[in-house]
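> According to numbering that gives the first Met the number 0, the residues represented by the sequence shown are 0 to 264, in order. Note that CB positions come from ideal geometry on N, CA and C, so glycine has one too. First, the structure itself, so that you have it in front of you.
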Amino acid sequence: MKRFSKLLILLVIAVFAIAAVVLFIQFTQRKTENPFKSFSEIHLGENEVGVLFLGESAFVLKTVRHTIIIDPASKISRDDAKILGKVDAILITHEHSDHFASGATLNLYQEFNCPVIVNKGAYESLKNLISEGGKLILIDPGETLILDGVIVEAIEADHPANSPLMYIITLDNMTILHASDSGFVQSLERFSGRIDLALLPIGSPSPSASPSDALEMVMAVMPKKIIMMHGSASEFSEFKDLIEDSGLNTVIEEVETAKPRKISL
């Protein structure tokens, strides 16, 4: 009887040990799952956008028909790029290292063979690296590009760089503002009521962005939804309080770094 009891105890211990190992493996797999793979598996319908935030102002955005990359800096490896598949355009707001890296941008261009839309500062770094087929496109404030169903409008940014930009991007009947790490500029007011999703810089380490500037952007363009970027946790909290106190009819979508989201617009 004692021997049977010991065997039973050992069996129970073994079962618990196996269960613990299985749970650990599942947890580890979830924790280390490649965010680009998860993003590529998002299924979208009309008026939905897939969002992969990579930190600072770096985003991969996709709709049912298009995928674009904005300010990737060095945050997307060649292996990760392969997972994304087709990309329609790469957009660079300005040449600072937390937004742009010439070698990494060249790698992405070689992977996707897509247009690379840049401000003047980034153009100077890339003009001898990407020369064929007019794929490197310099855009100035006030100009508009139409590329295979993607409309890109450039706005001057308030930031210490060589002709820095913000972008208004329209794809699949949705319009998205990417505000780089700019302070507020009055020219945003002409887009009032047009913006479905605003990607807004909230502060540090930008010398020009701040929670109050981001609030002015919201008041100017009146977006349906907002994603916060380029700021500290305390600045994000301050901005949320400002939005709440303002009574503005907009929604802040909480998006974490390297955790893909699907957002309905």
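In this structure, how does DSSP classify residue 189 when only helix, strand and coil are distinguished?
Helix at residue 189.
> Within a Cβ cutoff of 6 Å, which residues of the same chain sit near residue 70, ignoring the five residues on either side of it in sequence?
Same-chain partners within the cutoff: 56, 57, 92, 98.
> Determine the burial state of residue 232: buried for a count of at least 16 other Cβ atoms within 10 Å of its Cβ, exposed for fewer.
The residue in question, residue 232, is exposed, as its Cβ has fewer than 16 Cβ neighbours within 10 Å.
> On the three-pair Cβ rule with 8 Å, is the segment 201 to 208 touching the segment 129 to 144?
Result no; under three Cβ-Cβ pairs closer than 8 Å.
> With distance defined between alpha-carbon atoms, name the residue in 196, 239, 240 nearest to residue 223.
Considering only alpha carbons, the answer is 196.
> Do the CB positions of residue 155 and residue 184 come within less than 8 Å of each other?
Contact: yes.
> Just reading off the beta strand (DSSP E) that residue 88 is part of, what are its end residues?
Its beta strand (DSSP E) spans residues 88 to 90.
> Just to confirm my understanding: we take residue 33, look at its own chain, exclude 5 residues before and 5 after, and list those with CB closer than 8 Å. What are they?
Excluding residues within five positions, the ones whose Cβ falls inside 8 Å are 79, 82.
> Got a sec, what are the start and stop residues for the alpha helix (DSSP H) residue 221 sits in?
Unbroken run through residue 221: none, as it is neither H nor E.
> Whole angstroms is fine: what's the gap from residue 63's alpha carbon to residue 172's?
Rounded to the nearest angstrom, the two C-alpha atoms are 11 Å apart.
> Closest to residue 248 by CA distance: which of 255, 239, 44 is it?
For residue 248, the nearest C-alpha among the options comes from 239.
> Could you have a look at residue 265 and say whether DSSP puts it in helix, strand or coil?
Residue 265 cannot be examined here, being either before or after the span of the chain that is shown, 0 to 264.
> Assuming contact is defined by CB atoms lying nearer than 8 Å, are residue 144 and residue 138 in contact in what I supplied?
Yes; because the gap between Cβ atoms is below 8 Å, this pair is in contact.
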